[in-house]
Amino acid sequence: MRIGIAALVLAYVLSQFYRAFLAVMTPVLTRDLGVTAADLASASGWWFLAFAAMQIPVGAALDRVGPRLTSGLLVAVAAGGTVLFAQATGALQIKVAMALIGVGCAPVLMAGYFIFARSYSPAVFGTLAALMLGVGTLGNVAASLPLSWAVTAFGWRETVLGLGAITGAVALAILLLVRDPERLEGAARGSLWELLRMPVLWPILVMMMVCYAPIAGLRGLWIGPYFSDVHGAGQLEIGQVSLWMGLAMVAGNFAYGPLDRWLGRRKLVVVVGNAVTLACLFGLWWFAAAPPLVATALLVAAGFFGATFPIVLAHGRSFVPAHLTGRGVTLLNLFGIAPIGIAQIITGRLHAATEAGPPAAPFEAVFLFFAAATAAGLFVYLWSQDRPH
């Protein structure tokens with residue numbers, strides 16, 4: 406079981422990498438293919454929307470056929486997407502490739518969470534979920550300065566092809582090593598409607614919509630154009646800032662896991678973490694034209710305190726019936742991921758609509774959008790029911 410989980414964790418490292426690597430690739434893709442920041446925002450959005458669209462079928466597949474085939478076969482699709490990306494000559498191919506990679510990455514985290522929910526006690530689910538997310542976020546780190554070095558040394562097409570080979574090998578490892586948990590009687594029964602008819606989940610689903618979108622959107626794309634256009638940063642400098650934010654996200658995930666167990670009050674942890682993140686987002690909006698050190702500090706803080714995704718998911722998971730485990734965790738993940746794709750497309754249009762102003766103006770619009778969305782979601786979540794453990 407453990408070696409199979411290790412294969413899934415490695416696949417999740419790749420998933421985190423692929424959702425974040427466009428930020429560092431921005432300068433070279435703009436130079437070689439002529440794509441714009443709005444094009445890349447749309448491509449990032451396609452990844453998240455494809456990922457989100459797969460959550461419902463993935464949830465049913467986890468309950469019916471198990472995590473081994475569900476994740477192994479789809480990760481192979483991600484490998485194919487990287488090959489298309491490496492051959493791209495324009496924005497459309499980049500977008501289609503990102504969508505295929507998103508489809509392939511869709512089951513990985515949920516397959517791990519499915520195994521945790523079926524094989525371990527509910528009290529440690531949040532800790533294990535945060536641990537997997539924390540280790541996986543190392544992919545976010547790899548998609549920063551290390552990626553910049555690889556692209557500089559080997560070229561971006563060669564680097565992406567190499568990543569495709571690694572992804573294919575991981576898909577094979579999942580098929581060979583993952584062991585499905587024992588099936589439950591009635592696991593094929595029930596539906597999403599049974600979950601959506603539970604009012605206790607509604608404010609948690611709203612919080613899922615905003616708890617990850619800001620840091621995923623900023624780290625996954627906007628950190629690159631922002632430092633390039635406003636602060637004149639090059640690819641290696643963007644890689645360095647991305648590295649710091651990525652490390653902060655890793656640290657945040659590892660910090661939230663123990664907090665969840667020690668305090669036994671998930672709602673309090675989520676509220677405080679997202680309140681601090683909201684302050685950072687408003688700071689980025691207010692100080693968008695300030696020296697780069699200020700922006701870096703705020704992004705790093707947002708990355709750390711905004712890493713509440715696994716705790717919000719664990720909060721929702723605590724109300725999900727056992728026979729709907731797969732569909733429950735993927736429903737929560739759907740609400741966590743789909744808004745990121747929508748937000749990337751919206752912020753791309755906001756950026757394009759405000760380009761005529763000062764260099765910082767388009768990014769002020771992006772930061773304010775994320776801040777307003779987080780404030781709205783946090784307000785609704787205040788009415789959620791806590792479930793001490």
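Heads up: the sequence shown runs through residues 406 to 794, numbered per our numbering.
Beta carbons: idealized from backbone N, C-alpha and C, even for Gly.
Using a threshold of 8 Å, state whether the C-beta atoms of residue i and residue j are closer than that.
i	j	result
Val635	Ala694	yes
Pro630	Ala776	no
Leu746	Ala425	Rather than Leu, the amino acid found at residue 746 in this sequence is Gly. No; because the gap between Cβ atoms is not below 8 Å, this pair is not in contact.
Ala680	Ala578	no
Leu533	Leu736	no
Ile461	Leu597	yes
Gly477	Leu580	yes
Ala702	Leu689	no
Ala484	Gly573	yes
Gly539	Phe714	no
Tyr786	Val676	yes
Ala465	Thr730	no
Phe768	Leu610	no
Ala502	Leu479	no
Gly662	Ala535	yes
Leu697	Phe784	Residue identity differs from the one stated: residue 697 is Pro in this sequence, not Leu. Cβ atoms of Pro697 and Phe784: not closer than 8 Å.
Ser420	Gly541	yes
Ala481	Ala416	no
Leu641	Ser553	yes
Thr395	Pro586	Coverage of the chain is limited to positions 406 through 794, which leaves residue 395 absent and any answer about it impossible.
Ile628	Arg671	no
Trp451	Lys500	yes
Gly644	Val433	no
Gly721	Leu606	yes
Ala778	Phe530	no
Val414	Met537	yes
Gln749	Phe453	yes
Arg792	Asp468	no
Report the three-state DSSP secondary structure of residue i (helix, strand or coil).
i	result
Glu587	coil
Pro512	coil
Ser549	coil
Thr435	helix
Val440	coil
Gln492	coil
Gln790	coil
Pro697	helix
Tyr617	coil
Met603	coil
Met459	coil
Val556	helix
Phe426	coil
Tyr518	helix
Val501	helix
Ser447	helix
Thr542	coil
Ser524	helix
Phe530	helix
Val575	helix
Thr564	helix
Ala712	coil
Gly471	coil
Ser476	helix
Phe692	coil
Ser420	helix
Is residue i close to chain D, meaning its C-beta is less than 8 Å from at least one C-beta of that chain?
i	result
Met614	Here chain D cannot be found, since the structure has a single protein chain.
message = Restricting to runs no shorter than 4 residues, where is the alpha helix (DSSP H) found entirely within the stretch 725–783?
response = The qualifying runs are 730–758.
query = Counting Cβ pairs, one atom from each stretch, are 3 or more of them under 8 Å apart for the stretch 470–484 and the stretch 509–526?
reply = At 8 Å Cβ cutoff, the stretches touch.
message = Using a Cβ distance threshold of 8 Å, determine whether the stretch 744–760 contacts the stretch 611–618, with at least three qualifying pairs required.
response = Yes, the stretch 744–760 is in contact with the stretch 611–618.
ask   = Does the pairing of the stretch 649–669 with the stretch 695–709 give three or more beta-carbon distances under 8 Å?
value = The stretch 695–709 and the stretch 649–669 touch, with three or more beta-carbon pairs separated by less than 8 Å.
key: Segment contact, 8 Å Cβ cut-off, at least three pairs: the stretch 710–729 with the stretch 446–458   = Because the criterion of three Cβ pairs below 8 Å is not met, the stretch 710–729 and the stretch 446–458 do not touch.
inquiry  = So within the stretch 628–677, which uninterrupted alpha helix (DSSP H) runs reach at least 4 residues, ignoring any that extend past its ends?
reply    = Fully enclosed alpha helix (DSSP H) runs of 4 or longer: 628–636, 640–668.
query = So does the stretch 749–756 actually touch the stretch 483–493, counting three or more Cβ pairs closer than 8 Å?
reply = Cβ pair count under 8 Å is below three, so no.
message = Using 8 Å as the cut-off, can you tell me whether the stretch 451–460 makes contact with the stretch 498–507, which would need three or more C-beta pairs spanning the two stretches below that distance?
response = Here the stretch 451–460 makes contact with the stretch 498–507; the two share three or more CB pairs at distances below 8 Å.
request  = Could you tell me whether the stretch 417–436 touches the stretch 538–549, using the rule of 3 or more Cβ pairs below 8 Å?
outcome  = Yes, the stretch 417–436 touches the stretch 538–549.
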